[in-house]
Amino acid sequence: AEERAAAATEAAEALRAAAAEMATAMEAAAADKAGALELAAEERAAALSLAAEAKAKALSELLQAAEEEKELALAEAAERWAGTQAAALRAAEAEKAAALEVAAAE
1 AEERAAAATE
11 AAEALRAAAA
21 EMATAMEAAA
31 ADKAGALELA
41 AEERAAALSL
51 AAEAKAKALS
61 ELLQAAEEEK
71 ELALAEAAER
81 WAGTQAAALR
91 AAEAEKAAAL
101 EVAAAE
């Protein structure tokens, strides 16, 4: 009976030791998984940050291009207006010259 009690105690201690080892292994696995998840989250955050920077740069370039197109359109409109004004001035000068010729002829 004593031998059986000693064997049972020994088996119980072996089971306790195995359970403790299993718990330690599970804690280590959980820590590894948590570390891997944290690393993955950091990598995703970095990738999202890079994507946001690239998107902001592209938007800035689009806005710059739009501003340049607007300035070009304004310059072209001003050039057309100046041409129209010059033509109107030439026409007015021609009318004035014609009127002076008519007046001189009379």
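Residue 106, in the UniProt record's numbering, is where the sequence shown stops; the numbers in between run on with no holes. Virtual Cβ for every residue (Gly too), placed ideally from N, Cα, C.
The beta carbon of Glu2 is closer than 6 Å to none in its chain, skipping five residues each way along the sequence.
DSSP places Glu106 outside both helix and strand once states are collapsed to three, so it counts as coil.
A straight line joining the alpha-carbon of Ala46 with that of Ala86 spans about 59 Å. Secondary structure at Ala1: coil, using DSSP grouped into helix, strand and coil.
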